[in-house]
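Step one of this worksheet: look at the structure below.
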Amino acid sequence: RGMSMPLGSDLCAAPVEDCAENGTESSSLLSKEQRRKSRLHNQFGSFLQRASQFEKAIDHFRKALFIDPEFAAAHHNLATCLAKVRNVDDAISHFEQAVCLNPKLADSYTNLAVMYLLKDRIELAKDCCLKAIELDPNGCEAHFNLNNALRQLGRKEEAIDHVWNQVAKLAGTTFTRPQVIQCNKEGTPKHGGTVEHISVVCVKWGTKYGPEYVNKLYRGVCKHLSLPFTFYCYTEDPTGLDDPINIRSLVSGWTGWWGKASLFSTEKSQLSGRVMYIDLDTVITGSLDDIVQYQGQLAILGTDNFACETARGGYNSSVLLWEAGFAESIFDVLQSSFSHISRFIVRYDHWLEMMVQDADIVQDVFPGQVVEYKHDCTDNLPPSARIVCFPRDPKPHEHPSEWIRHHWI
C-alpha cells in the first residue's frame, strides 16, 4: 500500500463486463440464479468503479467472486480497484487469476504490467505489455507501460524504436522518421560566460496547479536572480496571476505538459536569446545567477538521483536551459504527428529522449544546485541547493518540511 504509479505508466481504468465469448468466464456448475447474482454484483461494482468509489466496488466484486470464483471479469475489476487503492500484492493475484481464466483479457495483461513495475519485476512487466499489444495493438496504455519497462531494463533505444515503428504504421508510407537532434558536447563552455538577459518561462495548464504556484515561482526568481530577466507564463487561463508576469497562450488542443514543446518554436513562443524553463512544482532556494550563465545548446535534468524516476540515464524536463531557436523540430515534428505520437507515449520527457541526443545534464554541469525533494531534502535543505523539484507527492503547498515555509512565499 502507499505506492505511486510509475511515471509514464497507466492503468486501463474501465471495468470489464461479462465476456464469455473471449474464453472461459464462469464455472459450469453454477445455476442460472447464481450466475445472475454474480453478474449483478459485477455490474453494480462496475458502476461504483466508474464513480471512483473503489472500496465499495471492491466489496461487490468480492461478492461476485464468492458466488463464482472463475468469473474472470470480476477478478480483473477487483484487481483494478485494488490497484487504485494501492493494494499491489492482492491486485497482482487477481490480475493473474483473470488472465489464467481468460487469456484474451488484454487489459488484464496491461494492468498486471503496471503492478509488476511497482514490484520491480521488470521482465515480467515487459512480457505482459507485449502480450497485451499482441491481443490489442490499439491499447495505448500497454504501449505507455512498455516504454517504461524497456527503459528500466536499460533498453531506451529499443523503446524509442518501438514508438517510431508504431507511429509509422499509423501514418503510412508518407511518414519519414525525423532526424535526431545531436547536441554538440565539445568545444562550447558550459558556464562561466556572460548572459545579459534571460527569459524565465513556466507552463500552467488545467487545474492541478493554481495561480499561487506561478506567483510563488515568480517571486522566487525575483528574489534569487540578479541578472535582467523577463518572466513568462504560458497558459490557457491567466486568472489570478500577478501583473508583472507576461502571459502567453498555449497551443490549443494539447493537454497536460505537451505544451512545453511549443517553447522550442520561436514562432509559437516568441522567445529569443537564452531561455530557462522551470516546472511549477519547484521551490527556488538560492541564487540562480550561476545556472543562468549556461552557454551550451540544451541542458536538461537527468533521471539519476530522482526518487520518482525508475529508469537511469533518461531526461527529466523539470528544468531546461537553451538558446531560443535551437531544436525547433521538437515542436515541429510533434505538431505534424501529434495524434499518432501521443497514442504511444504519455510523457513529454520520453518525447525529448526520442528527439534529442547528448543534451547536457544540469546536475553534471551544476553539481548540487538542482535537487529533488524526496531524494535530497526531506530532512534538511542541502547548503548547495538552489532549486528543489517536487515531481511527485508531496507538493510544496503541503509544507512537508519546515524550510519550505521560508522559501516558498
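Here my numbering is used: the first residue of the sequence shown is 106, the next is one more, and so on.
Glycine is no exception: its CB is placed at the ideal position from the N, C-alpha and C atoms.
- A Cβ-Cβ contact shorter than 8 Å links L406 with V467.
- Cβ contact annotation for R167 (same chain, cutoff 7 Å, sequence separation greater than five): L183, in chain order.
- Inclusion of A218 and A230 in the CB contact set at 8 Å is warranted, their separation being smaller than that value.
- In the three-state reduction of the DSSP assignment, G325 falls in the helix class.
- Cβ-Cβ distances below 8 Å link H165 to H146, N147, F149, G150 and L153 in the same chain, with the five nearest sequence neighbours on each side left out; the list follows chain order.
- Annotated three-state conformation of T312 is coil, per DSSP.
- Counting along the chain, W362 sits inside no beta strand (DSSP E), nor does DSSP assign it H or E at all.
- Between the stretch 505-514 and the stretch 477-490, the count of Cβ pairs shorter than 8 Å is three or higher; the stretches touch.
- Relative to F171, the option among R140, I197 and Q158 whose CA is nearest is R140.
- In this structure, DSSP gives I450 a state outside helix and strand, which the three-state scheme calls coil.
- Counting only the Cα atoms, R226 lies some 14 Å from G259.
- Here DSSP, grouped into helix, strand and coil, assigns R256 to helix.
- Contact check for C482 and V493: beta-carbon distance about 6 Å, within the 8 Å limit, so the pair qualifies.
- Of all C-beta pairs linking the stretch 307-323 to the stretch 333-347, three or more are shorter than 8 Å, placing the two stretches in contact.
- In this structure, F436 and S357 do not form a Cβ contact; the two beta carbons are roughly 14 Å apart against a cut-off of 8 Å.
- Residue pairing by DSSP places R379 opposite I303 and E428 in a beta bridge.
- Close CB contacts of Q287 within its chain, under the 7 Å cut and outside five residues either way in sequence, are with Q462 and D463 (chain order).
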